[in-house]
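Structure record follows, encoded as structure tokens.
Written out as structure tokens, the structure reads:
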């Protein structure tokens, strides 16, 4: 789990989302994101340098749920929110907590796959992540290198591989996509659990365990591995050629935002090539905007991917009550 991180050390950032709101007016805004504070620091710095607007940052997991709770309690909250998980965007829209995107933003959005564009007009996507297989190149020889999810059904991997299981929307979303894929299905997840995977509470934990040799390989989010590869970690990563999971980042303005003009400027900045490049480098996620290079060099871009069909958000919401206990049972968690 990622602890709540108020980015007090970031240039141009305060530590209290409600402090001095009336005094600073439109020279500040509050941004909630489920990305790590250090990963988005360059974006905040570039925006503040360009506009003079300071950003108060809350970087933590479950920001959509936090926004709902705060709005229900009528307390000071975000102006802009960025988060993953289709169920979360559905809940926020149903609660009326996402305002229509300003025309200056919607009109300037780069042309991209329609899946990244909101039918409601309340959000846009700018980043995506998917799952794949990875291994420690110092521990695994080429004859056993995993190439797809089914590779880990081989008895060779019994007890030697890591998989993430979390209660967040992105984790459930990934396993639900696998469960409904005809070539895999719940039967595959049951068989995977029977081969004694080591459960990690997050992708980062699983990747670190493989780096140090506690496990030899695993299934995880691509960005968690590529970031470590860029740092020189002895890892290799592969996207299953028959297709893989897919989760996108949603960005929107909060209804009744305290600083709507500053929020509009920030959203306009997020759709620029400069911001997209900084986010790709910082978070390790793939940009959904065409022409943005993937990090590190040589990594496939979003256009190169083969993805499972993205399920309807309501399907995901309905499936959560069943998927969470199913995963705990089949993975012996």
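Residue numbers (our numbering): 402 to 734. Don't be surprised by glycine CBs; every beta carbon is placed ideally from N, CA and C. This structure is a prediction, so every number in the text was calculated from the model and none was measured.
Distance between residue 566 and residue 594 (C-alpha atoms, nearest Å): For the pair residue 594 and residue 566, the Cα-to-Cα distance works out to about 12 Å.
Please report the distance separating the alpha-carbon of residue 478 from that of residue 656. A direct Cα-Cα distance of roughly 10 Å separates residue 478 from residue 656.
Alpha carbon to alpha carbon, how far is residue 706 from residue 640? Give it in angstroms, no decimals.
Roughly 8 Å separates the two Cα atoms.
So for residue 434, helix, strand or coil by DSSP?
Of the three classes helix, strand and coil, the one that applies to residue 434 here is strand, per DSSP.
May I ask you to report which of helix, strand or coil DSSP gives residue 565? In the structure shown, residue 565 sits in a strand (DSSP, three-state: E or B).
Does the beta-carbon distance from residue 637 to residue 612 come in below 7 Å?
When the beta-carbon positions are compared, residue 637 and residue 612 stay at least 7 Å from each other.
C-alpha gap between residue 619 and residue 458, whole angstroms:
Between residue 619 and residue 458, the C-alpha separation is close to 32 Å.
So, under 8 Å CB-CB, residue 552 and residue 643 are touching, yes? Tell me the CB distance rounded to an integer number of Å. That pair is no contact at about 12 Å.
Beta-carbon within less than 7 Å of residue 711's beta-carbon, same chain only, minus the 5 sequence neighbours each way: which residues are those? Closer than 7 Å at the Cβ level, and outside the excluded window around residue 711, lie 516, 647.
Does DSSP put residue 653 in a helix, a strand or coil? It is a strand residue.
Name the DSSP bridge partner or partners of residue 721? When beta bridges are read from the DSSP output, residue 721 appears opposite no residue.
Rounded to a whole number of angstroms, what is the C-alpha to C-alpha distance between residue 422 and residue 676? Caution is warranted here: a pLDDT of 40 is assigned to residue 422, below 50, making its placement in the model unreliable, and no coordinate value can be reported.
Notebook entry, point to check: Under a Cβ-count criterion, where at least 16 other Cβ atoms within 10 Å of its own Cβ denotes burial, should residue 722 be classed as buried or exposed?
Noted result: With fewer than 16 Cβ atoms within 10 Å of its Cβ, residue 722 is classed as exposed.
Quiz item: Under three-state DSSP, which class holds residue 527?
Solution: Looking at residue 527 - three-state DSSP - the assignment turns out to be strand.
Rounded separation between residue 624 and residue 681 - CA only: Taking the straight line joining both Cα atoms gives about 9 Å.
Taking just the CA atoms, how far does residue 597 sit from residue 561? Those two C-alpha atoms are separated by around 8 Å.
Below 8 Å on the Cβ atoms is my contact criterion, and I expect residue 511 with residue 630 to pass it. Report the Cβ-Cβ distance as a whole number of Å.
For residue 511 against residue 630, the beta-carbon gap comes to about 27 Å, at or over 8 Å, which does not count as contact.
- Message: Across the segment 685 to 704 and the segment 519 to 528, are there enough close Cβ pairs to call them in contact, namely three or more that are closer than 8 Å?
- Response: Judged by pairs of C-beta atoms under 8 Å, the segment 685 to 704 touches the segment 519 to 528, as three or more such pairs exist.
* Asked: Quick one: Cα of residue 498 to Cα of residue 465, how far?
  -> Spanning the two alpha carbons is a distance of roughly 10 Å.
Same chain only: Cβ atoms within 7 Å of residue 403, ignoring 5 sequence neighbours per side
In this prediction, residue 403 scores a pLDDT of 35, lower than 50, which makes its location untrustworthy; no coordinate-derived value is stated.
Whose C-alpha, out of 501, 502, 451, 456, is nearest the C-alpha of residue 442?
The shortest Cα separation from residue 442 among 501, 502, 451, 456 belongs to 456.
Handout entry: Segments assigned beta strand (DSSP E), at least 3 residues, entirely inside the segment 515 to 559
Key = DSSP runs (the beta strand (DSSP E)) wholly in the segment 515 to 559: 525 to 530, 532 to 537.
task: Assign residue 509 to one of three DSSP states: helix, strand, or coil.
output: In the three-state reduction of the DSSP assignment, residue 509 falls in the coil class.
* Asked: Where residue 724 and residue 573 are concerned, what is the direct C-alpha to C-alpha distance, given to the nearest angstrom?
  -> Roughly 7 Å separates the two Cα atoms.
Contact defined as beta carbons within less than 8 Å: I believe residue 513 pairs with residue 691. What is the distance between those atoms, to the nearest angstrom?
Your pair residue 513 and residue 691 checks out as a contact, with CB atoms roughly 6 Å apart and the cut at 8 Å.
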